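Only one structure is covered here, and it is reproduced in the block below.
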Amino acid sequence: MKTTVFFLAIVWLLPRRVQGQTQDQVDALYKTLVNGHKKNTRPAVNHSFPTEVNVSFSLFQLVDVDEAMGKLSISGQLIMEWYDHRMSWNPIDYGGVNTITVPSSATWKPDLVLTEPIDNAIAFGHAFGHMQSWVTVRYLYDGKAIFAPAGVISSVCNISVYLYPFDEHECVINLFPWGMNKQEIVLNTNTTQLLNISIFSEDPEWILDRNETSTGVMFDNIFCYRVVLYLIRRSAFVTTNIIVPMYFLVILNAMVFVIPASSEERVTCAMTVLLAMAFFMTVVHDTLPKVSDPTPRICTVIMCYLLLSALIAIMTIINLRISKLSEGDGEKVLNNNWKIWKNWKNWNNWKKASVVIDIICGVGCFAWVSGSGIAMYVYVSRNR
Numbered sequence: 001m002k003t004t005v006f007f008l009a010i011v012w013l014l015p016r017r018v019q020g021q022t023q024d025q026v027d028a029l030y031k032t033l034v035n036g037h038k039k040n041t042r043p044a045v046n047h048s049f050p051t052e053v054n055v056s057f058s059l060f061q062l063v064d065v066d067e068a069m070g071k072l073s074i075s076g077q078l079i080m081e082w083y084d085h086r087m088s089w090n091p092i093d094y095g096g097v098n099t100i101t102v103p104s105s106a107t108w109k110p111d112l113v114l115t116e117p118i119d120n121a122i123a124f125g126h127a128f129g130h131m132q133s134w135v136t137v138r139y140l141y142d143g144k145a146i147f148a149p150a151g152v153i154s155s156v157c158n159i160s161v162y163l164y165p166f167d168e169h170e171c172v173i174n175l176f177p178w179g180m181n182k183q184e185i186v187l188n189t190n191t192t193q194l195l196n197i198s199i200f201s202e203d204p205e206w207i208l209d210r211n212e213t214s215t216g217v218m219f220d221n222i223f224c225y226r227v228v229l230y231l232i233r234r235s236a237f238v239t240t241n242i243i244v245p246m247y248f249l250v251i252l253n254a255m256v257f258v259i260p261a262s263s264e265e266r267v268t269c270a271m272t273v274l275l276a277m278a279f280f281m282t283v284v285h286d287t288l289p290k291v292s293d294p295t296p297r298i299c300t301v302i303m304c305y306l307l308l309s310a311l312i313a314i315m316t317i318i319n320l321r322i323s324k325l326s327e328g329d330g331e332k333v334l335n336n337n338w339k340i341w342k343n344w345k346n347w348n349n350w351k352k353a354s355v356v357i358d359i360i361c362g363v364g365c366f367a368w369v370s371g372s373g374i375a376m377y378v379y380v381s382r383n384r
């Protein structure tokens, strides 16, 4: 037993070889891989079969959502993986080097391009049509290649603002390999895989409700990688700063019918609120989407509120005139040849008519405002 322990101790103390990765070994590996490499031909042992590329996407941020242009801009990283048997080696021959990076301009890689770009059709990893010098492809010793360029892409997204600011949108981004059909390249992704949003920065205007990714054949002969983003607009700002103040302005305008009809201050009050509402519309003009087809429902609601305020001002002026007739001005205004006007003149009920008009207009306005308020509350509650 003592002899065995002594022998193991001697073996442990013996000098051991440490495997090191020198610069010369890395340079030699790089030279071996790159020299003679045909970057314009796809990797395949048998070219009768397509090259399979696994695709995934990491979303960083929603850069811009432009309703007028129908534009969605996002920043993210497109991760592509495939096998290239020409770029494999034995790590033992190169001091244990098991991975190396090669400039993307010096090797083959799939160029995925947007199907509906806003700007020029530029593949991921390119800038203004030229390959970015800092983008590299990482190779493992078994030939596995990892190409993960990052950048900002702008794609077409049809945005309907009819339900603004409670609108929801489905934006689809399609990427396809430029110049490659399904017999040459196949895109694969996990059908249950979602976007990687572990480092996603929340947008102050939009909520990323959910997302989907998939691959499939489009144009009957080309594989496509599809990313679907479901966006919901954050409505708190518009609700707090536009809808609620406008609603209370209408309530304040309807309160003029509580003021006595004979008081000329009610006309001043009605006109002041009407002007305040018109000024308020100019202030919130920049907040509303600049889209006419379809017209946002909120624009119709605001226009109805403005029309109601104008009608309130008109009825206030008419009712003030009617109330003045009860003070003796009817003789100067009415045509005595009309029977109806004669009856009103004889009844001398202009003051009573003014009160009735106030009641009808006041009840009608408050009923309309209350109904629209309840409908708006129910609608907002359902769309939160």
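Going by full-length UniProt numbering, the first residue of the sequence shown is number 1, and it counts up by one from there.
Glycine included, each C-beta is placed from N, C-alpha and C at the ideal position.
Predicted model only: the values in this text are computed from it and were never measured.
- Are the Cβ atoms of W108 and L29 separated by less than 9 Å? no
- Item | Environment of D93 [buried if 16+ CB atoms lie within 10 Å] | exposed
- Query: Taking all protein chains shown into account, do 16 or more other C-beta atoms lie within 10 angstroms of the C-beta of I159, making it buried, or fewer, making it exposed?
  - Reply: buried
- DSSP state of G373 mapped onto helix, strand, coil: helix
- Query: If you follow the alpha helix (DSSP H) that Y30 is part of, which residue opens it and which one closes it?
  - Reply: Q23 to V34
- Please go through the same chain and pick out, in chain order, the residues whose beta-carbon is closer than 8 Å to the beta-carbon of V258, but skip the five residues on each side of it. G362
- Cα-Cα separation between L33 and R86, rounded to whole angstroms: 8 Å
- Query: Buried or exposed: W82, going by 16 or more other Cβ atoms within 10 Å of its Cβ?
  - Reply: buried
- Item | Sufficient close CB pairs (3 or more, under 8 Å) joining the region 211-225 to the region 177-188 | yes
- Tell me which same chain residues have a C-beta within less than 6 Å of the C-beta of Y139, skipping the five on either side of it? M87, I100 and A145
- Measure the Cβ-Cβ separation of I79 and V55 and say whether it is below 9 Å. yes
- Can you grab the Cα-Cα spacing for the pair T215 / S154, in whole Å? 20 Å
- Item | Sequence-distant residues of its chain with Cβ nearer than 7 Å to G371 (five each side left out) | none
- So does the region 239-253 actually touch the region 300-318, counting three or more Cβ pairs closer than 8 Å? yes
- Query: Whose CA, out of T189, G373, Y377 and N319, lies closest to the CA of D358?
  - Reply: N319
- Measuring alpha carbon to alpha carbon, tell me which of D119, T295, I298 and V186 ends up nearest S48. V186
- Query: Whole alpha helix (DSSP H) runs in the region 200-284 with 4 or more residues, listed along the chain?
  - Reply: 244-254 and 265-283
- Message: For a quick check, are the C-beta atoms of S75 and V152 less than 9 Å apart?
- Response: yes
- Task: Let me know the secondary structure DSSP gives F366 once reduced to three states.
- Result: helix
- Sequence-distant residues of its chain with Cβ nearer than 8 Å to A9 (five each side left out): Only weak support exists for where A9 lies, its pLDDT of 44 falling under 50; the value from the coordinates is given anyway. Hits under 8 Å: none found.
- Message: So for V55, helix, strand or coil by DSSP?
- Response: strand
- Item | Helix, strand or coil at Y162 according to DSSP, with G and I counted as helix | coil
- Message: Buried or exposed, going by whether 16 or more other CB atoms sit within 10 Å of the CB of T136?
- Response: buried
- Query: Quick one: what does DSSP say S88 is sitting in, helix, strand or coil?
  - Reply: coil
- Task: Leaving out five residues on either side along the sequence, give the residues of the same chain with a beta carbon under 6 Å from the beta carbon of I232.
- Result: E168, I207 and D209
- Task: Give the straight-line distance between the Cα atoms of P110 and E170, rounded to the nearest whole angstrom.
- Result: 27 Å
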